[in-house]
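Right, one structure below, let's go through it.
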């Protein structure tokens, strides 16, 4: 029984650590925070949107015309649309970009 409890606690600790790792701040070796950008392309290699990772770990999605289509909050593990309505759990920003592109 004791080993079962220890394994359960260890499993929960690993799950919690994984969730925290997904929400890591972007820090430069100089100590400053920075943003990163990822471009989303269609089958013809045209840019249909982009995802910016902010300094606090949140991500914001934009369509091809640089209009915001949604935000992902990694601490809450929820995706919100441009009007800050909850879309669902997990990161669904790529789906919002594809929907905004009409594909």
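Numbering (this note's numbering), first residue to last: -8 to 94.
Yeah, the Cβ is synthetic: ideal placement off N, Cα and C, and Gly gets one too.
Nothing here was measured: the structure is a model prediction, and the numbers come from that model.
Item to complete: For my contact list, residue 39 and residue 33 are in at a C-beta cut-off of 8 Å; report their separation, rounded to the angstrom.
Response: Residue 39 to residue 33, Cβ: 5 Å. Contact.
Fill in: Nearest-angstrom Cα separation, counted from residue 45 out to residue 75
If I take the Cα positions, the gap works out to 17 Å.
Worksheet item: Considering residue 92, what are the terminal residues of the alpha helix (DSSP H) in which it resides?
Response: Residue 92 -> alpha helix (DSSP H) spans 84 to 92.
Worksheet item: Over what stretch of residues does the beta strand (DSSP E) that includes residue 28 continue unbroken?
Response: Residue 28 -> beta strand (DSSP E) spans 27 to 32.
Practice prompt. Consult DSSP for residue 81 and reduce its assignment to one of helix, strand or coil.
Written response: Coil, per DSSP.
Worksheet item: Below 7 Å between beta carbons: does that hold for residue 84 and residue 63?
Response: Less than 7 Å divides the Cβ of residue 84 from the Cβ of residue 63.
Worksheet item: Sorted by chain position, which residues of the same chain lie with C-beta nearer than 6 Å to residue 91's C-beta, five sequence neighbours on each side aside?
Response: The answer, listed in chain order, is 54, 60.
Practice prompt. Measure how close the beta-carbons of residue 68 and residue 81 come, nearest whole angstrom, since I'm counting them as under 8 Å.
Written response: Yes, they are in contact, since the Cβ atoms of residue 68 and residue 81 sit about 6 Å apart, within 8 Å.
Worksheet item: To the nearest angstrom, how far is it from the Cα of residue 88 to the Cα of residue 56?
Response: Using only the alpha carbons, I get a separation of about 11 Å.
Practice prompt. Quick one: residues in its chain with C-beta nearer than 8 Å to the C-beta of residue 26, no 5 flanking neighbours on either side, listed in chain order?
Written response: Setting aside the 5 residues that flank it on each side, residue 26 is surrounded in the same chain by 17, 43, 44, 45, 46, each with a C-beta closer than 8 Å to its C-beta; the list follows chain order.
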